[in-house]
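Protein chains in written order, with our numbering: chain A, 417 to 591; chain B, 417 to 591. Glycine included, each C-beta is placed from N, C-alpha and C at the ideal position.
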DNA sequence: AGCGTCATGTAAATTGTTACATGATTTT
DNA sequence: AAAATCATGTAACAATTTACATGACGCT
């Protein structure tokens, strides 16, 4: 059991999902391609931690977590989490700003802003859509709601940093 | 040339560094172990994008970027950056909160707060230490300063989210 | 004397990405 | 009619981590 296995397992706590849907949920905080998800699901099924509860149209397989899977998740929750890991190419570029010019630096920040504006828009829509759910569904989505709110807050903070950085850059190249 | 190679190259724009120091700079925004850094440095040297300018005590090798390396960095800056990637095990655990109890949920958040408190403390000290540098050194560290400020801001936002989440969790389990 | 940090490197094992494959359904 | 999205899966390749190896230096 590696970390991705636990993460996949955790996604099925909220409700049964297809591999495709599961990937979308998990991509909120964990980067993984479908070519990693499907073999992981296969393996988890082999270990009887998840099961296929339906194949509605011959292709889509709906997975659900088994009681054994739920047990494992509850144990995993108490293990020390790995520190969040990040890889951010943009920041490596920012590191080189003292060797760049004003326009290149501002171009970098502009692109960054665009990216996080989209993030805020996209995830705000998803979060807003939770309001349409009935009380029970809403309750099931509580963890997801917390994570979505975090994503939006952090994206807004990234935007705030961009604004601050723009001014700093302006001052840096003015001198 | 993969992304880690560019990231390593970028670190040497500010000043010459040993592999060990370089890793510490880069870990601000890019997770990589020393077992990945040293072979990368070896390969970049083979391609004459970096060079060893000193071995002060027989073991530490001080690397500097070559003019060819600088050229490459300047080209790379204009390429479209990969979206920042993250892997955050804690958030997978938060996803399962609807299947946990109040105390377990609050314990998770508490641990998270501890982590980001440390981050804020550690990086604030590093940022503050930049004040002691002379004007020229300060200028060279401009990119680093921007990145440190971002790290601190985002860590504080993580803490703010934790506070918000704690209240939400309280309300969730009160019902 | 033991621990933590500094410091560099390689090899084996694991993880993750890109490319290959296929096909339905929906939107423009 | 073409493009995008939904949908699943495998194979080859590349990146990354863990373990193996070694040793200095400063602190308690």
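Around residue 556 (chain B), the beta-carbon contacts reaching into chain A at under 9 angstroms are 514. The beta carbon of residue 576 (chain B) sits closer than 6 angstroms to no other beta carbon from its chain once the five residues preceding and following it are set aside.
For residue 543 (chain B), the CB contacts under 8 angstroms within the same chain, skipping 5 residues up- and downstream, are 561, 564, 565 and 568 in chain order. The CB of residue 559 (chain A) comes closer than 7 angstroms to the CB of 510, 511, 512, 513 and 514 in chain B, given here in chain order. In this chain, residue 545 (chain A) is not harboured by any beta strand (DSSP E); it is covered by the alpha helix (DSSP H) spanning 518-545. The straight-line gap separating the alpha-carbon atoms of residue 419 (chain A) and residue 511 (chain B) is approximately 15 angstroms. The beta-carbon separation of residue 481 (chain A) and residue 442 (chain A), rounded to 14 angstroms, does not stay under the 8 angstroms limit for a contact. Against chain B, a Cβ distance below 9 angstroms from residue 581 (chain A) picks out 562, 565 and 566.
Ranked by Cα distance from residue 483 (chain B), the options B:496, B:531 and B:465 are led by B:465. For residue 456 (chain A), the closest of A:436, A:475, A:473 and A:500 by C-alpha to C-alpha distance is A:436. Interface residue (Cβ-Cβ distance to chain B less than 8 angstroms): residue 417 (chain A) is not classified as such. Going by DSSP, residue 502 (chain B) is part of the beta strand (DSSP E) stretching over 501-503. DSSP places residue 563 (chain B) in the uninterrupted alpha helix (DSSP H) bounded by 558-590. For residue 468 (chain B), the uninterrupted beta strand (DSSP E) segment begins and ends at 466-470. Assigned with DSSP and collapsed to three states, residue 428 (chain A) falls in helix. Under the Cβ criterion (8 angstroms, minimum of three pairs), the segment 545-552 of chain A does not count as touching the segment 523-539 of chain B. Linking residue 558 (chain B) to residue 452 (chain B) through their CA atoms gives a straight-line distance of about 27 angstroms. In the three-state reduction of the DSSP assignment, residue 457 (chain A) falls in the helix class.
Contact annotation: residue 518 (chain B) and residue 589 (chain B) have beta-carbon atoms nearer than 8 angstroms.
The Cβ-Cβ distance between residue 434 (chain B) and residue 461 (chain B) does not fall below 8 angstroms. Beta-bridge annotation (DSSP): residue 548 (chain A) is not paired with any residue.
Any Cβ of chain B closer than 8 angstroms to the Cβ of residue 573 (chain A) would place that residue at the interface, and such an atom is present.
Just measuring C-alpha positions, the residue of B:448, B:579, B:471 and B:555 sitting nearest residue 591 (chain A) is B:555. Of the other Cβ atoms in all chains shown, 16 or more fall within 10 Å of the Cβ of residue 513 (chain A); this residue is therefore buried. Taking 8 angstroms as the CB threshold, residue 526 (chain B) stays off the interface with chain A. Closest in alpha carbon position to residue 448 (chain B), among A:509, A:516 and A:501, is A:501. Around the beta carbon of residue 549 (chain A), fewer than 16 other beta carbons sit within 10 angstroms, so the residue counts as exposed. Annotation: residue 546 (chain B) has no Cβ neighbours in chain A at a cutoff of 9 angstroms; minimum Cβ distance is about 13 angstroms. Leaving aside the five residues that flank residue 498 (chain A) on each side, the residues in its chain whose CB is nearer than 7 angstroms to its CB run, in chain order, 419. Per DSSP, residue 473 (chain B) lies in no beta strand (DSSP E) segment and is marked neither H nor E. The three-state reading of DSSP puts residue 495 (chain B) in coil, since its state is none of H, G, I, E or B. Around the Cβ of residue 585 (chain B), a 10 Å sphere holds 16 or more other Cβ atoms; the residue is buried.
For the segment 421-441 of chain B, the residues whose beta carbon sits under 8 angstroms from a beta carbon of chain A are, in order, 422, 423, 426, 427, 429, 430 and 441. Judged by DSSP in its simplified three-state form, residue 488 (chain A) adopts helix.
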